[in-house]
Each structure stands twice: as structure tokens, then as C-alpha cells.
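Working notes for the structure below.
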Amino acid sequence: MNLERRPDPDALLAQVEAEERQKAQGKLKIFLGYAAGVGKTYSMLEAAHSRKAEGVDVVVAVVETHGRTETEVLLQGLERIPLRQIEYRGVKLAEMDLDTVLARKPKLALVDEHAHTNAPGSRHAKRWQDIEELLKAGIDVYTTLNIQHLESFRDIIGQITGVIQRETVPDRVLDGATEIEVVDLPPEELLARLQEGKVYIPEQAARAMDNFFESGNLIALREITLRRAADRVDEQMRSYLKTYQTPELWPVPERIMVCVSGAPGSERLIRTARRLAEETKAEWFALYVETPGDDKLTQQNRERIWQELRLAESLGAKEVTTLSANSPVEAVLDYARERQISRIVAGSPLRPRWRDWLQGSFIDQLLRRGKKIDVLVVSNEAEETKKARKTLRPLGPAWPGYLMSFFLVALTTGLSTLFSHLLDPTNLVMLFLLAVVIAALRLGFGPAVLTAVLSVVAFDFFFVRPYFSFAVEDTQYLLTFGGLMVVGMLISTLVSRARSQAEALKTRESQTNTLYALSRELAAAADLKGILETVLNHVRGSIKGEVALLLPEGENVRPSATSGNFEISEKEISVALWAYRNGKAAGLGTETLSSSSFLYLPLATGGKTMGVLGVKPQDEAAALSPETRRLLEAFANQAALAIERVNLARKAEQTQILQATERLERALLNSISHDLRTPLSSIMGTLSSLREDPSFIKAAGQMELLDLALEEASWMNRFVSNLLNMTRLEAGALRIKKEPHEVQDLIGSVLNSLEARLKSRGVKIQIPSSLPLVNVDPVLMAQVIMNLLDNSLKYSPPGTPLEIEAAISDSWIEIRISDHGPGVPAEHRHQIFEKFFRLPGTEGVRGTGLGLAISKGIVEAHQGKIWVENLPAGGAKFILTLPT
């Protein structure tokens with residue numbers, strides 16, 4: 050056997066696991082073309098008819114015929130799901146009825162135009178999201194797609210055709226397809242079809258031939274499509290070779306990282322990195338580095354950064370990471386070395402050269418310091434080079450800060466005038482620098498810069514000859530002016546940066562403390578109600594607005610806790626239900642059901658969704674920022690873990706109860722089979738003897754046999770009574786009928802019942818005549834006393850006496866029953882009142898272990914107490930107290 054060619058067990062296991070996952074989902078087949086009119090829909094319908102002929106349940110969910118007769122003909126004979134009508138701005142739009150298709154649940158659904166954008170108000174923003182939901186429900190899907198709608202090819206095809214596609218699908222859709230069928234047609238034939246009006250109506254066809262449908266464009270698109278399909282086949286081949294270990298040398302895989310900057314051209318960088326990773330079969334990563342200056346970014350820039358990171362996730366980046374650092378270059382290189390990145394994709398903004406001289410070029414530093422790492426520089430196009438303008442974030446109202454700058458300079462000038470006869474002018478510069486530092490610390494960057502400029506002007510005007518003039522007699526002061534200006538600007542910049550860093554650290558520390566407090570309180574919460582209240586308080590403390598937690602209830606989700614008295618509509622609950630079932634965020638700020646007023650985040654852990662967190666912020670822009678979104682996701686993760694912990698504890702408790710019930714059943718069966726056999730045998734033997742020959746047995750012998758049978762029957766009666774009372778106690782159905790009774794009468798009735806067993810025993814009774822009446826159920830309390838006496842008779846030596854005492858103590862009547870047996874070990878004094886408990890070494894004594902447990906239950910039902918003590922001379926004393 051050739052060991053070198055043995056299949057890789059890990060690869061085989063991964064393949065089996067992947068196949069098992071695919072079995073639970075539907076299969077996706079994509080009919081891929083390079084342009085409209087090549088016959089994708091036609092081929093899909095032909096394949097659907099073939100599947101229907103094989104007996105497969107096929108429905109048409111949505112198919113766009115575009116007025117083509119041959120397509121309309123192929124639709125005949127196939128079941129069609131009616132389209133859903135959505136009214137938008139007075140116009141009725143027809144969309145696929147996703148819910149009807151899911152309810153119909155066919156084996157195969159035909160969904161045309163994979164990249165289609167749904168009408169506003171639909172569940173999902175894109176049709177490819179509808180298809181994902183169908184696949185997740187176990188429905189196979191046939192769909193059509195043009196290559197220009199693939200996200201990673203958006204830019205390159207836009208450069209070729211001059212048309213930028215707005216409707217795109219993530220590359221992972223194509224990568225995850227079970228089968229891809231390329232529908233190919235020579236460009237000449239496609240152009241002929243276009244001229245014949247088989248693709249578009251004549252007016253549209255003429256415009257298309259002048260723009261998109263040029264021969265060169267079609268040839269390029271066809272090449273890209275065939276190459277992408279070939280890459281897919283190559284990927285399948287490599288997967289097979291790796292699984293079955295064919296003799297082939299495998300190179301070290303490349304790793305590509307794209308630097309996200311938030312500039313308008315970053316989306317192009319991300320698509321380039323995705324396309325490069327696909328071509329080289331490499332893993333790829335996306336990194337964004339936050340710097341102290343990021344606090345000055347506009348909300349538009351922040352939204353763009355968030356969208357770019359989400360784009361990287363949707364395109365299949367292995368990791369999408371955000372780091373904080375003073376130097377972006379150091380952070381990028383450190384991350385690249387940790388992840389063993391072989392190639393970095395970065396953008397080169399077109400900006401003035403002087404800015405590179407002053408601020409340094411990110412690309413130059415990356416190339417200079419990133420040895421052994423290739424850097425792919427992608428230049429931005431002209432219309433993309435203009436970066437979003439950064440605005441300074443004022444620490445307070447703007448004008449008072451700038452007015453304070455004038456006041457600071459005036460004050461410094463006055464102080465310098467007082468000390469001008471003591472200090473040289475060059476030393477007075479330090480006072481003006483102090484003013485700049487104070488302005489930077491107290492007023493912010495803008496007022497500090499103004500203070501530096503005014504300081505130079507004031508120093509020149511008042512303290513440099515000729516006085517009260519901006520002329521300079523000694524040119525050496527020009528160096529002083531320049532130094533004062535540069536140092537002042539530098540101090541302002543450094544102090545502003547330090548302030549920004551301190552504020553950023555303060556924000557992160559606040560979020561960390563919030564998460565720590567949440568985790569600590571969740572760990573201390575003992576039940577689900579406490580967990581929900583804790584999560585609500587923390588989320589509402591961080592996000593001003595309304596908060597709701599929805600938990601599963603049957604096949605739906607229902608609000609279990611809310612931060613106010615507001616009600617969640619059924620429409621909102623349907624959005625939350627989608628988030629729960631799919632384990633993805635939905636609603637406000639997402640691409641799924643974005644018309645909702647709430648943002649719904651799934652409480653997911655370990656692949657299982659425990660519920661949904663709903664947030665309706667007052668300030669949507671601030672609440673849906675990347676930082677806040679990450680904080681909400683952290684809240685959701687903590688809540689999910691806590692809910693899972695409570696659920697597991699509940700299941701463990703239920704398991705313990707089930708195990709205890711099973712033990713109870715086994716003990717009960719063993720007790721019944723063992724303890725009933727002896728009295729039944731005695732009764733049956735007595736009756737058989739009397740029946741066979743009643744004259745043979747003398748009268749005295751007959752009475753002895755009858756007494757034995759009666760005693761055994763009485764024991765069985767007590768046994769059954771104990772079982773019934775235990776059942777009633779467990780179910781809470783024991784009915785107590787209290788009546789005033791004499792303690793002497795209760796004890797006397799029990800002694801009469803046990804007269805035969807007490808013949809050989811002396812019973813000492815001490816009951817004062819002044820004892821008041823006790824309010825009890827006479828039948829149940831008599832059973833308690835009988836169980837205690839029966840226990841003393843069984844566990845004390847024959848012939849030894851028993852003592853029964855009664856007394857009153859602080860409005861309580863106390864009854865004591867003592868014997869002279871071995872007593873009860875201290876470690877078992879509480880256990881003997883548990884069901885089916887037997888003292889070690891007493892297995893030979895007939896009993897069920899129910900008598901004391903039932904006695905305890907009956908006494909406590911009378912608001913009394915019962916316990917056992919050991920006598921100093923040996924023996925056990927059972928004491929029960931009852932209220933008078």
C-alpha cells in the first residue's frame with residue numbers, strides 16, 4: 050500500500066462535515082452569463098422541466114421574461130407562485146412572495162436575477178438574501194447571474210464598460226454554490242439577437258449597442274466569466290487533490306491584507322484584495338487603524354469606515370479587525386507579522402507633495418519598514434481622491450475659546466511688560482509659550498494655534514525694537530519668531546493629540562467598565578428575570594432610547610422584558626423573529642427589513658440563538674455608529690451566555706428531579722415487591738389452611754392464624770395509607786380537617802390498634818389531665834403516632850418498654866415517644882425523615898422508609914415540627930410539637 054497517497058483523515062473529516070451541513074440546507078445552482086441575452090433564464094427553465102420530468106416538485110418563485118416569447122412558452126407547465134404587490138410612492142411593484150414560497154416548501158424553486166434589489170418595505174434589501182433564506186429552509190434554488198454583478202469585479206468591469214453596477218452580490222454567494230453552469234454565447238450571436246429585438250425592445254437595444262453591448266466589452270466580459278468559472282473548477286480540483294493526497298508539491302499559501310482608511314477609494318481597495326486573494330487562492334484580512342485624530346472625523350466618514358468593514362466581511366475576509374495606535378504604519382506591520390501576511394494592499398491618495406514632506410507618506414514608510422512584505426499600491430481615481438473634510442470637535446462653544454485666546458495673550462503681554470526691565474526679551478518668550486500651553490490644555494487645538502500666532506505678533510510689537518512696530522531691527526529675532534511659532538504649534542498639536550488619546554481611552558475604559566459590571570451582575574443573577582432586568586438597565590444606560598428583550602415562545606418570539614410601557618407591534622415582532630431564526634442582525638441600520646424602527650441583535654452563543662435584543666435609539670446616527678454597534682453586540686453576547694447558563698442550570702435541575710423520581714420509582718417497586726410479599730404469603734397460607742381442613746385445626750389454632758392474618762392485613766392497610774398520603778403530600782392535595790381533640794384519645798386509639806403487638810412490651814404513659822385540646826385532623830395525627838410507635842417497635846429489642854409523654858410548652862403541645870433501641874447516629878438524624886431512607890445495617894427489618902417521611906409531612910401541614918434525639922442511656926426519642 051502506498052502510504053504517501055493515503056487520504057488525509059482531517060481533510061476527509063472536514064469534507065464529511067461539510068457534506069452533512071449541506072444536507073441540512075438546499076442546493077444552489079447558478080446559471081452564470083457574461084451579459085443579458087445569452088440565455089440564462091432559458092437554460093434555467095429547460096433544466097427545471099427536466100427536473101420536473103424526474104418527479105421533482107418545482108415552482109417558479111419569480112422569473113423575468115422581459116417580453117421574450119420563447120421564455121413565456123417555457124413557463125407553461127410549471128407552477129407559478131403569485132408575486133407580492135408592494136406600493137411605493139404611488140407605484141405598485143411586484144416582488145417575490147418569500148413567505149408563500151417558504152410555506153409551500155417545494156423541492157426546487159426558480160428565482161431569476163440573483164442581484165435584484167427588492168422594493169422598499171420588503172423583508173430583505175437584496176434578492177440574494179431571500180435566496181439564502183430559501184436555502185436555509187432546505188429548498189433547492191435555481192438562479193441566474195451576470196458576471197458584472199459580482200462584488201469583486203465591480204470596479205474592473207466598470208473600467209472596461211464605463212458602467213458601474215449598483216446591484217451586486219457578495220463573492221461568497223458564487224463560492225458557496227453547489228453547481229455553476231456557464232451559459233455561453235459568442236458575442237457575434239449576442240449582438241445579432243440584440244439587433245433582432247430578442248434581448249431588449251428596439252429603443253433600448255440601440256442604446257445598449259452604443260454603450261454596454263460593444264464587441265470589445267462583450268469579449269472582455271466573456272473572458273472574465275470563463276476565467277472565473279475555470280477558477281472554480283481549479284478550486285474543486287485542488288480540494289480533491291488535498292483530500293486524497295495526490296503526489297503534488299504545495300506552496301506556502303499567501304496571505305493578503307488590505308488597509309481600510311475610510312477614504313472614498315477604500316471600497317476599491319477591498320474589492321482588489323478580494324479579487325487578488327481569489328486569483329492566488331490566498332486568505333485575506335482587512336485592517337483599520339484608529340488614530341488619535343479619528344475623534345475629529347465627520348459622521349459621514351465614520352459611516353463610510355463602518356460600511357467598508359462590513360463590505361470586507363460580506364466579501365469573505367477571514368478577519369476584519371480594528372486596532373488603536375499612534376502610528377498606523379507600526380500597527381499595520383505588527384499585525385502583518387503576527388498573521389504572517391505576505392502582501393499588503395494599500396491606497397495612494399493623490400495629494401500635494403508638500404503634505405507628504407510635512408506629514409510623511411504612509412506608503413513610503415510602509416515600503417521602507419515593511420521588509421520581506423510585498424506592498425501593492427492602488428492609486429485612487431481623480432474623483433475619489435478628495436477626502437472627507439475633518440472638522441474639529443470643540444470642547445465647548447467655539448467663540449468663547451477664541452476670545453479667551455485674546456485675553457491670554459493680553460494678560461501675558463501685561464505680565465511681560467512688568468518683568469521687561471528684569472528679563473531679556475528672549476526670556477520673555479517663555480511666558481508666551483506658557484500661554485500657548487494653557488490654551489492647548491484648556492481651550493483646544495484651534496484657540497491654541499490662535500494663541501501661538503497672537504503671541505508672535507504681540508512679542509514683535511511690544512518687546513522687539515523698534516517698539517510698537519512690526520518692523521524688526523535685529524534680524525536674529527526672526528529666528529526667535531519662527532521658533533516661537535513652531536514650538537507653539539507643536540505644543541498645541543501634541544497637547545491636542547494627548548487630549549484626544551485621553552478621551553479615547555476614557556471612552557474605552559467606560560465601555561470596558563460597563564461590560565465588566567454587566568458580566569459581574571449577570572454572574573450574580575440567579576434567575577432569568579434578574580438577568581433580563583440587568584441587561585435592560587445596562588443597555589438603556591449606554592443607549593438612550595427604548596430597549597426590549599424577546600425570548601422564544603413556541604414557534605414565535607415574545608417580549609419578555611422592556612425598558613418602559615411601550616408595546617411592540619406584530620410587524621416589529623416579525624422582524625425580531627427573522628433575526629432569531631437566522632441568527633443575524635435585522636431592522637434599523639441593517640440591510641434586512643431596514644424600515645423597522647428597532648435594531649434587533651440575536652442573542653447567539655455556540656451556534657444557538659437564545660433570544661433577541663431590540664434597541665430603538667433616540668439618536669439613530671450616534672447609536673448606530675461602529676463603536677456603539679460593537680458595544681451592543683458585546684451586550685448581546687453577555688446576555689446570551691447568561692441566559693444559556695440559566696437554561697442549563699434549569700435543565701440540570703430537571704435532570705436531577707428526573708433521576709430522583711426514577712430512584713423513587715425503583716425504591717417503591719422494590720419496597721412493594723418485597724414488603725407486600727410477606728404479609729400476602731401469610732394471609733394466603735392462613736386462608737388456604739382453613740379452607741382445606743377447617744376441622745383439623747383446633748379452635749385455638751384457628752384464632753392464632755386469624756390473628757396473624759389480621760395483623761398482616763393491618764400492616765398492609767398502613768402501608769397503602771402511607772403510599773396514598775405520600776402521593777397527596779407530593780401533589781399538595783392532602784386535605785386536613787382540623788377538630789379539637791384530647792391528646793389522650795388520640796394516643797389511646799392508636800394503642801388499641803396496636804394491642805396485639807404491644808402485649809410483650811410495657812408502655813409507660815405520662816399525660817397530664819390539664820393538657821388542653823389540640824386542633825388536628827384525628828385520622829392523620831393518629832397515623833403519625835402509629836408510624837412513630839411502629840418505628841420504635843421495629844428498632845428496639847423485644848420486651849423492652851416504650852414511653853409516651855405529653856406536655857405543654859409555650860403554647861405548644863409536645864408529644865414524646867421513646868424506646869430503648871440503638872438510637873439514631875447524629876449524621877443521620879435529618880436523613881431519617883427523607884423518603885425511602887433506611888439506616889445502614891437495618892436492611893433485614895421490614896419497612897418501606899415512608900413512615901417517618903409521611904409523619905414529618907403531616908406534622909408540618911399542621912404548622913408543627915418533628916425531630917429525633919438520642920437518650921443518654923441509649924435509645925431514640927421522637928418529639929413532635931403542635932400549636933394549641
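Residues in the sequence shown are numbered consecutively from 50, following this note's numbering.
Note that the Cβ used here is the ideal one computed from N, Cα and C, for glycine as well.
If you're wondering where the values come from, they're calculated on a predicted model, not measured in any experiment.
- Note on Pro496: 16 or more other CB atoms within 10 angstroms of its CB, so buried under the neighbour-count rule.
- Nearest Cα to Ser376 within the set Arg546, Asn614 and Thr461: Arg546.
- By the criterion of at least three beta-carbon pairs nearer than 8 Å, the region 875–882 is in contact with the region 913–927.
- According to DSSP, Val190 shares a beta bridge with Leu77 and Ala158.
- Inter-residue distance for Gly660 and Leu492 is about 47 Å (C-alpha atoms, whole angstroms).
- For Met830, the uninterrupted alpha helix (DSSP H) segment begins and ends at Pro827 to Tyr844.
- Within 10 angstroms of the beta-carbon of Pro889 lie fewer than 16 other beta-carbons, which makes it exposed.
- For Asp423, no alpha helix (DSSP H) run applies; the uninterrupted beta strand (DSSP E) run containing it begins and ends at Asp423 to Ser428, by DSSP.
- Residue state for Glu863 is assigned as strand, using DSSP reduced to three classes.
- With a 10 Å radius around the Cβ and a threshold of 16 neighbouring Cβ atoms, Ser518 comes out exposed.
- When beta bridges are read from the DSSP output, Gln356 appears opposite no residue.
- Closest in alpha carbon position to Val338, among Met733, Leu318 and Leu382, is Leu382.
- Within the same chain, Cβ atoms closer than 6 Å to the Cβ of Ile915 are found at Lys905, Val908 and Leu929, the five residues on either side in sequence being excluded.
- According to the DSSP secondary-structure assignment, Asn195 is paired through a beta bridge with Gly82.
- For Leu931, the enclosing beta strand (DSSP E) begins and ends at Ala925 to Pro932.
- Residue pairing by DSSP places Gln815 opposite Glu854 in a beta bridge.
- Arg417 and Arg386 have their C-alpha atoms spaced approximately 15 Å apart.
- With a cutoff of 7 Å on beta-carbon distance, Val232 and Phe80 are scored as near each other.
- Look at Ile205 here: in three-state DSSP terms it is helix.
- Segment contact: the region 114–123 against the region 220–239, fewer than three CB-CB distances shorter than 8 Å; contact not assigned.
- With a 10 Å radius around the Cβ and a threshold of 16 neighbouring Cβ atoms, Tyr516 comes out exposed.
- Judged by DSSP in its simplified three-state form, Glu804 adopts coil rather than helix or strand.
- The beta carbon of Val378 lies closer than 7 Å to those of Phe411, Gln414, Leu415 and Arg418 in the same chain, with the five residues before and after it left out.
- With distances taken between CA atoms, Gly870 lies nearest to Leu838 out of Asp224, Leu838 and Lys884.
- Distance from the CA of Arg153 to the CA of Asp179, rounded to the nearest whole angstrom, comes to 15 Å.
- Within the same chain, and ignoring the five residues on either side of Ile834 in sequence, the residues whose Cβ sits closer than 8 Å to its Cβ are Leu795, Ile796, Val799, Ile864 and Ile866.
- Nearest neighbour of Lys421 by Cα position, chosen from Val536, Ile213, Arg304 and Leu270, turns out to be Arg304.
- If you ignore the 5 residues before and after Arg317, its C-beta comes within less than 7 Å of the C-beta of Asp204 and Val427, all in its own chain and listed in chain order.
- Taking a 10 Å sphere around the C-beta of Pro847, we find fewer than 16 other C-beta atoms and assign the residue as exposed.
- In the three-state reduction of the DSSP assignment, Thr340 falls in the coil class, being assigned neither a helical nor a strand state.
- With contacts defined as CB atoms closer than 7 Å, Leu851 and Arg810 qualify as a contacting pair.
- Taking 7 Å as the cut-off, the Cβ atoms of Val150 and Ile130 count as close.
- In the three-state reduction of the DSSP assignment, Lys787 falls in the coil class, being assigned neither a helical nor a strand state.
- Beyond the five residues adjoining it in sequence on each side, Lys787 comes within less than 7 Å, by CB distance, of Asn824, Val825 and Asp826 in the same chain, given in chain order.
- At the C-beta level, Ile617 and Ala635 stay beyond 7 Å of one another.
- With a contact defined as Cβ atoms closer than 8 Å, Ser609 and Ala174 miss out at about 29 Å.
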